[in-house]
C-alpha cells in the first residue's frame with residue numbers, strides 16, 4: 060500500500076520539475092527570439108535538461124533502471140558544468156581574459172574527472188548496476204561528488220564576484 064507521504068513527495072517533485080521546465084522553455088524562447096530562430100549551444104543544453112528532467116520523473120513513477128538513472132544524473136550534471144563553462148567563456152567584459160585564466164585549470168580538471176567517471180561506468184567493478192555485494196553503484200557516488208565539486212567552485216566564484224569589477228561598468 061502506498062503512503063500519502065509518497066504521493067505528497069511525488070507532487071512536490073512534479074511541481075518543481077514543471078516550474079524548472081517552464082523556466083527553461085522561457086529561456087529557450089527568449090534565445091530563439093534574440094537570435095532569429097537559430098538554435099545555439101545554450102538552447103540545446105536547455106532542451107536536453109528538459110528531456111532529462113521528464114525522464115527522471117518517468118523513472119521515479121515507473122520501473123527504476125539504475126543504469127538509466129545514472130546516465131540521466133551524469134549527463135544533467137555534465138550539461139550544468141558545460142553551461143557554467145560556456146557562460147564564463149562567452150562573457151563579454153574587460154575581465155574576460157582574467158576570468159579564463161582563473162578558471163582554465165578548474166575546467167580542465169573537471170573535464171578529465173567527468174571523462175574518468177564516464178569511462179568507469181563501463182567497468183564491471185564500478186558500473187551503474189547493482190550486484191549481490193554492491194547495492195549502490197560507485198559511479199553514482201562519483202557523479203554526486205562531481206556535482207558537489209561544481210557547486211563548491213561555483214559558490215567560490217560567486218563569493219569572488221566572478222572576478223568582475225562591477226563598479227567600473229558604464230551602466231552602473
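Numbering (my numbering), first residue to last: 60 to 231. Glycine included, C-beta positions come from ideal geometry on N, C-alpha and C.
Check each candidate in the options and name the one with the smallest Cα separation from residue i.
i	options	result
residue 103	219, 115, 119 and 84	84
residue 107	195, 131, 121 and 127	131
residue 222	160, 66, 74 and 65	160
residue 142	224, 209, 220 and 80	209
residue 111	194, 100, 127 and 97	127
residue 80	105, 66 and 64	105
residue 124	224, 168, 187 and 216	187
residue 154	213, 67, 191 and 219	219
residue 212	82, 164 and 96	164
So, residue i versus residue j, is the Cβ gap smaller than 8 Å?
i	j	result
residue 166	residue 144	yes
residue 199	residue 129	yes
residue 147	residue 162	yes
residue 196	residue 189	yes
residue 119	residue 87	no
residue 92	residue 99	no
Pull up the CB-CB distance for residue i and residue j, whole angstroms please, since I reckon it's below 8 Å.
i	j	result
residue 140	residue 173	7 Å
residue 158	residue 150	6 Å
How do the stretch 136–147 and the stretch 195–215 stand: do at least 3 beta-carbon pairs fall below 8 Å, yes or no?
They touch, by the three-pair rule.
How about the stretch 109–116 and the stretch 63–78: do they share at least three Cβ pairs that are nearer than 8 Å?
Per the Cβ contact rule, the stretch 109–116 is in contact with the stretch 63–78 (3 or more Cβ pairs under 8 Å).
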